[in-house]
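Trainee: One structure, pasted below without further comment.
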Amino acid sequence: MKLLQTLFVCVTCLYSASGVANTVPDIKLAALKFGTVKWELATIKRLGLDKKNGFNLEVVDVAGKQASTLSIQNDAVDVIVTD
């Protein structure tokens, strides 16, 4: 539950920093393909919690921690989450 709260705080900060009020921002989040966090992200998408909170969550599967680090360093994603 703490992870979900942290995720929503991060996304809210990104949304408010974007300065765009009329469009729904896309938030790209990198997560391990087979990690525990992936289940929580799938629940967020399945229940539409991202849309209900004013953003579109796009989950990018990565193979490992190094891949997630590279994806954020190369601006391929906005947020990374690791288990």
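One point on numbering: in the numbering used here, the residue at position 10 of the sequence shown is 13, and numbering is uninterrupted.
Glycine is no exception: its CB is placed at the ideal position from the N, C-alpha and C atoms.
1. Within the same chain, show all residues whose beta-carbon is closer than 7 Å to that of V80, passing over the 5 residues directly before and after it, in chain order.
2. Rounded to whole angstroms, what is the Cα-Cα separation between I83 and T72?
3. Roughly how many angstroms lie between the CA atoms of T26 and T85, to the nearest whole one?
4. Report all residues from its chain with a CB closer than 6 Å to the CB of G87; omit the five preceding and five following residues, and keep chain order.
5. Terminal residues of the continuous beta strand (DSSP E) containing A33?
6. L60 lies in the alpha helix (DSSP H); which residues open and close that run?
7. Helix or strand or just coil, what does DSSP make of V40?
Mentor: According to the structure data:
1. For the purposes of this step, residue 80 is taken as the residue at position 77 of the sequence shown. Contacts found: K31, L32, A33, V63, S74.
2. The residue you call residue 83 lines up with position 80 of the sequence shown. The residue you call residue 72 lines up with position 69 of the sequence shown. So the two alpha carbons sit approximately 7 Å from each other.
3. Your numbering for residue 26 matches position 23 in the sequence shown. Your numbering for residue 85 matches position 82 in the sequence shown. Approximately 29 Å between the Cα atoms of the pair.
4. Look at the range of the chain in this structure, 4 to 86, and you will see that residue 87 is not part of it.
5. Counting from 1 along the sequence shown, the entry for residue 33 is found at position 30. Where A33 is concerned, the enclosing beta strand (DSSP E) stretches over 29-35.
6. Residue 60 sits at position 57 when you count from the first residue of the sequence shown. Here L60 belongs to no alpha helix (DSSP H); instead the beta strand (DSSP E) covers 59-65.
7. Locating residue 40 in the sequence shown gives position 37, where the first residue counts as 1. Residue state, collapsed to three classes: helix.
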